[in-house]
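So the structure is just underneath, and the comments pick up after that.
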Amino acid sequence: MSEIESAWDRYPGYAIDLVSWSGRGRAQFNGTVVAESGACLIVKESDHQDQLYFPIGDVAWEHFTETDLHTVCPFKGEAEYWSLTVGDDAEENVVWAYREPFPEVAGLAGHVAFYTDRVQVDLLETIEEDDGDVVAYRFPVWGTAADLARLIDVVPDGDGRFTSPSFPDPPMGTFLDIPDRFRPRQVIEGGQLLGQAIVAASKTVPDQRVVSASMVFTRAARFDSPLAVEVDVLRQGRTYSTVETRIVQHDKLCSVGLVLLDSGAEDVYRVTADMPDVPGPLECPLRDFQVIGRDIRVVDGAYNFDPDDVGPPELFVWMRYRDRPESPVMQAALLAQATTHYTIGASMRPFQGITEALAHKTLSTGPMTVEISFHDDADAADWHLYENPAIYAGRGHVQGQGRIFSQDGRLVASYSLHAMVRSFDADPKQMGGFTSAM
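Written out as structure tokens, the structure is:
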């Protein structure tokens, strides 16, 4: 170890945090569990995707053989490797450990980690309020619901301006050059931008509630740079106010929106759409979107990448954030965030061999415009049903009309989405591959 040079002194600001995972971790190879533990560490390192480390004592070592490979990390120390064999299948140098890590990461001692592109690694979490149901997240995850809320909850940065940081902050590539193949997808979902516009408008006109918001997406925004939300109050009245939002990144316009706010009123009369008759959330299978704390269950498991699973052009999806946001506008913004998720997938359902597994690889897909109206109060910590019919697909476009219902049947919001679905006219690799291509 004395011959290995540490880089900690040369990179001030570099960070490695060891975070205990409150649930269980599991590693599987071809269906065989090769490690499982309730004492895993999530290692969050600058310029790296998160890594899950298992205690050495919770690994099924009968499947592993130590190899001669040794590598050096200037921040963690010298790593030793093992190959994995299960039946007739094997992977070389698939798991590693730092037996004598640098003092800055001493907690890594006695732990091993797996290459997650060769071994399936999952985070398991027991949800007591759902009768002890277990949620599995494929690792590495995108982040947590709290991370998403922090990005949407934009902060003031001068008159008529709000900002949202990069994710992670600082972004990957700050200290070391990171090839694209090691980066997660960088494109921000349109619903996040819509949520940020809603929050910015509400903080600008705090005495009124947001009743509708619309947005046109002019170019893709990315996670690896901060965003600026520029707000212009077109009219502020006692009853209604209209706010224009412009989301900018690197001085380039990513989206422009209009947000309508009002001071509230009692019913003159009420008409509302009926909630679809579908199974409840706990009767539907889980769908992993790699956001810890945001639970998603899809009616009939219909949102999947199975090319042979065809059906009508519609999706019914239950969603819930387990941590209740404090402010009403964050409730609305988190509901709005999911409005751009499902319409494209719904439009693909009637066609064998066409699924969202092709998105950003052979098909260019993404939202172009979205509009949402908020009708009734909502609590984002409760289950809500998203009804997502695609009413048209053709000529490179998709149109959807969505409704959001509370579990007790109230229509709390409705929305429309206009999206694009087109074949790439260039190799997606020339546009940064899956991490960047739309």
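The numbering used here puts the first residue of the sequence shown at 19, with every later residue one more than the last. Where is the CB? At the ideal position from N, CA and C, for every residue including glycine.
- Residue pairing by DSSP places H393 opposite no residue, since no beta bridge is assigned to it.
- Going by beta carbons, G414 and M386 fall outside the 8 Å limit.
- The beta carbon of G41 lies closer than 8 Å to those of G56, L141, L142, E143 and T144 in the same chain, with the five residues before and after it left out.
- Following the DSSP letters along the chain, one finds P407 in no alpha helix (DSSP H) but inside the beta strand (DSSP E) bounded by residues H402 to G412.
- Annotation for L212: no beta strand (DSSP E) segment contains it, though the alpha helix (DSSP H) segment containing it runs G208 to T222.
- Secondary structure at F200: helix, using DSSP grouped into helix, strand and coil.
- In the three-state DSSP reduction, L194 falls in the coil class, being neither helix nor strand.
- R367 counts as buried, since at least 16 other C-beta atoms from the protein chains shown sit within 10 angstroms of its C-beta.
- In the displayed model, S365 falls within a helix according to three-state DSSP.
- CA-to-CA, the gap between T236 and R338 works out to about 29 Å.
- Restricted to the stretch 101–134, the beta strand (DSSP E) segments that are unbroken, complete and at least 3 residues in length are 107–115 and 129–132, listed in chain order.
- Runs of the beta strand (DSSP E) lying entirely within the stretch 157–197 and spanning at least 3 residues, in chain order: 179–182.
- The Cβ-Cβ distance between I362 and V416 falls below 8 Å.
- According to the DSSP assignment, V347 belongs to the alpha helix (DSSP H) that extends over P346 to Q355.
- Measuring C-alpha to C-alpha distances from P92 to each of I74, D107 and S64 identifies S64 as the nearest.
- Your pair V37 and L59 checks out as a contact, with CB atoms roughly 7 Å apart and the cut at 8 Å.
- For a cut-off of 8 Å, the C-beta gap from I265 to F241 is around 13 Å, too long to register as a contact.
- Counting the other CB atoms within 10 Å of its CB gives K94 a total of 16 or more, which places it among the buried residues.
- For D175, the CB contacts under 8 Å within the same chain, skipping 5 residues up- and downstream, are T181 and A246 in chain order.
- Under the three-pair Cβ rule at 8 Å, the stretch 397–404 counts as touching the stretch 329–349.
- Less than 8 Å divides the Cβ of S281 from the Cβ of T257.
- The Cβ atoms of S220 and V347 sit closer than 8 Å to each other.
- Burial check for H378: the Cβ neighbour count within 10 Å reaches 16 or more, so the residue is buried.
- Under the three-pair Cβ rule at 8 Å, the stretch 415–431 counts as touching the stretch 287–303.
- Listed as beta-bridge partners of F323 by DSSP are no residues whatsoever.
- For Y29, the CB contacts under 7 Å within the same chain, skipping 5 residues up- and downstream, are F193 in chain order.
- Burial state of A411 is buried, judged by a 10 Å Cβ sphere holding 16 or more other Cβ atoms.
- The Cβ atoms of V251 and T263 do not sit closer than 8 Å to each other.
- Y71 sits away from E96, with the two beta carbons spaced by 8 Å or more.
- Listed as beta-bridge partners of C91 by DSSP are G95.
- In this structure G418 touches A364 by the C-beta definition: roughly 7 Å separates them, less than 8 Å.
- Counting along the chain, T257 sits inside no beta strand (DSSP E), nor does DSSP assign it H or E at all.
- When rounded, the separation of the alpha-carbon atoms in A131 and R305 is 25 Å.
- Under DSSP, L333 takes part in a beta bridge, and its partners are N406.
- Scanning its chain for C-beta atoms nearer than 7 Å, with the 5 sequence neighbours on each side dropped, one finds around P73 the residues S55, A57, G128 and H129, in chain order.
- As the crow flies, the alpha-carbon of D135 is around 47 Å from that of V223.
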